[in-house]
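Down below is the structure, laid out as structure tokens.
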Amino acid sequence: MKVIIAGAGAMGTHLTRLMAGEKIACTLIDTDIEKLSEIEAECDVMTVAAHPTSINALRDAGVDGADLFIAVTPQETTNITCSALAKALGAKKTVARIDNFEYIDPKTPKIFPKIGVDDMIYPEVLAAEDIVKGLKMTWVRQRWDIFNGELVLLAIKMRGTAKILHTPLKDLCGPDDPYHIVAIKRGEETIIPGGLDKLELQDLAYFMTKKEYIPYIREIVGKEDYEDVHNVMIMGGDKAAVRTAHTMPEYMNLKIIERDEERCHKLNELIDKKNVMIIHGDGRDMSLLREENISNTQAFVALTGNAETNILACLAAKRRGVRKTIAQVENLDYISMAESLDIGTIINKKIIAAGHIYQMLLDNEMMNVKFMMTSNADVAEFTASFESKITRKPVKDLGLPHGMTIGGLMRAGRGMLVSGMTQIQPGDSVMIFSHNVNIRKIEQLFK
161 MKVIIAGAGA
171 MGTHLTRLMA
181 GEKIACTLID
191 TDIEKLSEIE
201 AECDVMTVAA
211 HPTSINALRD
221 AGVDGADLFI
231 AVTPQETTNI
241 TCSALAKALG
251 AKKTVARIDN
261 FEYIDPKTPK
271 IFPKIGVDDM
281 IYPEVLAAED
291 IVKGLKMTWV
301 RQRWDIFNGE
311 LVLLAIKMRG
321 TAKILHTPLK
331 DLCGPDDPYH
341 IVAIKRGEET
351 IIPGGLDKLE
361 LQDLAYFMTK
371 KEYIPYIREI
381 VGKEDYEDVH
391 NVMIMGGDKA
401 AVRTAHTMPE
411 YMNLKIIERD
421 EERCHKLNEL
431 IDKKNVMIIH
441 GDGRDMSLLR
451 EENISNTQAF
461 VALTGNAETN
471 ILACLAAKRR
481 GVRKTIAQVE
491 NLDYISMAES
501 LDIGTIINKK
511 IIAAGHIYQM
521 LLDNEMMNVK
531 FMMTSNADVA
541 EFTASFESKI
551 TRKPVKDLGL
561 PHGMTIGGLM
571 RAGRGMLVSG
581 MTQIQPGDSV
591 MIFSHNVNIR
601 KIEQLFK
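In structure tokens:
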């Protein structure tokens, strides 16, 4: 497989590192020679110092043999233009990062594939989807619906009220138990657990379960006293805030606090919903937050462009009794620090979008992949064929690579949890969790 990436910003370099880690042939195009030199010294990739709309530069990068061309420069028009050129020059599939919702609005005619742009990524839309999922469950750090909701993955912080601490997982997650702990984040360490591992205080544990068992999970982790979210405050009126407002369910009331008066007027034009109020002010102002009844707010979301401001604002909101806090942290160097401060859910648009693009790189047998940012682990969905090695023995006898576990599967339209005695069958869609395991090594089990 050969991939060409246009744009050596945060998203482009993050994608390039993912490519290098999976030994995927990758070429990075950008005009910034210094950035290219840094990534070239760090990763085994080729670089082209040129503007990505240059036909000669695209040819030099080998666009005619590219399986995927990804345009993630800061300029939307550049991304669309170079994607169209790359397609015309022979790239099999093209993806462009955009910042105009109109282009991906379901009501917009499908015109872009006709000009050579096969897919579009709007990071703010993807971030809004993650934010709203988080708001629906205050006691959960992150939630993913797997197989269209047949299975659910929940990331939950272990507090002293949890009933399942200090007990070997083999005694908690048996064949008849309605959940499977697929990953644990402990400080800086990520663990794909075995039967002898135990959950400890302050662990971030990832539970795979079914929707009907979510109340049971809530009980055993001691989170029954957490209120459901009805009132939400967002600090910062950026595009992610707008998309969140449009995505949020009607039963939630939202207040968006924005410092820029002109932007407030624009937000009033962009968001025409009865359950949304725009407030001109500084979200760090405690007197303003008290005036806006933060004591009756179940969730606080900080979406300014400044990571430090967002982190501090969430810490302040927590001190005021807000249980659910979400901080946008675009500086990758701050993510570990934010997690260690226990501020709640962390949103990084670039990583969310990069994970979405990364999914497109993988073979057809892998239908879905998601990078779990706070745990540095991957979640991937594979489909077993009649020849797949993984169908030959029960799971306990497969000799799975260290750092890999199976969380669940989809069979005949029904989600199922997996135990050691489970026999995977041809046609099953299988959800794999891994850490420091080459995706290609896992793919071999499904060949």
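Residues are numbered in this note's numbering as their position in the sequence shown, beginning at 1, plus a constant of 160.
Quick reminder that beta carbons are idealized off the backbone N, C-alpha and C, glycines included.
With residue i as the anchor, note down where its alpha helix (DSSP H) starts and where it stops.
i	result
Ala365	From DSSP, Ala365 is part of no alpha helix (DSSP H) but of the beta strand (DSSP E) over Leu364 to Thr369.
Leu178	Ala170 to Gly181
Ile602	Ile599 to Glu603
Arg450	Met446 to Glu451
Arg479	Ala467 to Arg479
Ala221	Segment: none, Ala221 is in no alpha helix (DSSP H) and carries neither H nor E.
Cys242	Glu236 to Ala248
Ile495	Ile495 to Ser500
Lys195	Ile193 to Glu202
Hey, residue i and residue j: beta-carbon distance below 8 Å or not?
i	j	result
Pro156	Arg303	The shown model of the chain, from 161 to 607, leaves out residue 156, and the question about it has no answer.
Phe367	Ile316	yes
Met104	Gly443	No answer is possible for residue 104: it lies beyond the span of the chain, which begins at 161 and ends at 607.
Glu379	Ser496	no
Val208	Thr176	no
Ile517	Val555	no
Leu325	Leu364	no
Ala210	Ala201	no
Ala226	Ala248	no
Ile512	Ala288	no
Ala537	Ile592	no
Arg480	Leu449	yes
Ile164	Thr191	no
Ala405	Lys433	yes
Ala477	Val389	no
For residue i, collect the residues of the same chain with a Cβ closer than 7 Å to its Cβ; drop the 5 residues on either side in sequence, then sort them by chain order.
i	result
Met576	Gly568 and Leu569
Pro561	Val597 and Lys601
Ala168	Leu188, Asp190, Asp192, Lys195, Leu196 and Ile199
Checking the sheet assignment: what are the DSSP bridge partners for residue i?
i	result
Ser594	Asp538 and Met564
Ile417	Met395 and Ile439
Tyr263	Tyr263 is not bridged to any residue.
Cys186	Val163
Lys484	Ala459
Asp279	Val255
Met570	Gly575 and Ser589
Val312	Asp305 and Thr369
Leu359	Leu325
Thr543	Ser589
Phe229	Ile164 and Thr254
Lys317	Leu364
Pro212	Answer by DSSP bridge pairing: none, since Pro212 is not bridged.
Pro273	Per DSSP, none; premise fails for Pro273.
Tell me the residue span of the beta strand (DSSP E) that contains residue i.
i	result
Tyr376	From DSSP, Tyr376 is part of no beta strand (DSSP E) but of the alpha helix (DSSP H) over Ile374 to Ile380.
Gly575	Arg574 to Leu577
Met206	Met206 to Ala209
Glu349	Glu349 to Ile351
Arg346	Tyr339 to Arg346
Ile506	Thr505 to Ile507
So, for residue i: in the same chain, excluding its five sequence neighbours on each side, which residues have a beta-carbon less than 6 Å away from its beta-carbon?
i	result
Ala231	Ala166, Asn239, Cys242, Ser243 and Ala256
Asp523	Here the model assigns Asp523 a pLDDT of 45, short of 50, so the residue's position is not dependable, and the following value carries that caveat. Nothing meets the Cβ criterion.
Ala170	Lys510
Ile439	Lys415 and Ile417
Pro212	Ala166, Ile189 and Cys242
Asp502	none
Lys399	Glu284
Thr321	Gly382
Glu525	With a pLDDT of 43 at Glu525, under the threshold of 50, the predicted position of this residue should be treated as unreliable, though the coordinate-derived value follows. Within the same chain, Glu525 has close Cβ partners Phe542, Thr543 and Phe606.
Asp259	Glu236
Below 8 Å on the Cβ atoms is my contact criterion, and I expect residue i with residue j to pass it. Report the Cβ-Cβ distance as a whole number of Å.
i	j	result
Thr254	Asp224	Actually they are not in contact, since the Cβ atoms of Thr254 and Asp224 sit about 13 Å apart, beyond 8 Å.
Tyr376	Pro338	6 Å
Ile291	Ile507	6 Å
Asn435	Glu410	6 Å
Leu430	Val461	The pair is not a contact, with the Cβ atoms about 17 Å apart (cut-off 8 Å).
Gly309	Lys252	Rounded, the Cβ-Cβ distance is 32 Å, inconsistent with contact.
Asn491	Ala467	5 Å
Met564	Ser594	4 Å
Gly504	Arg301	7 Å
Phe307	Ser589	7 Å
Apart from the five residues on each side of it in sequence, which residues of its chain come closer than 8 Å, Cβ to Cβ, to residue i?
i	result
Gly334	Ser579
Met581	Pro335, Pro554, Val555 and Lys556
Ala498	Ala467, Ile471, Ala487, Val489 and Ile506
Arg137	The displayed coordinates of the chain run from 161 to 607. Any statement about residue 137 would go beyond what the structure contains.
Met161	Ile184, Ala185, Asp227, Leu228 and Leu521
Tyr494	Ala467, Glu468 and Ile471
Quick one: does the C-beta of residue i sit closer than 7 Å to a heavy atom of the ligand HEM?
i	result
Arg301	With respect to the ligand HEM, the structure shown offers nothing to examine, as it has no ligands at all.
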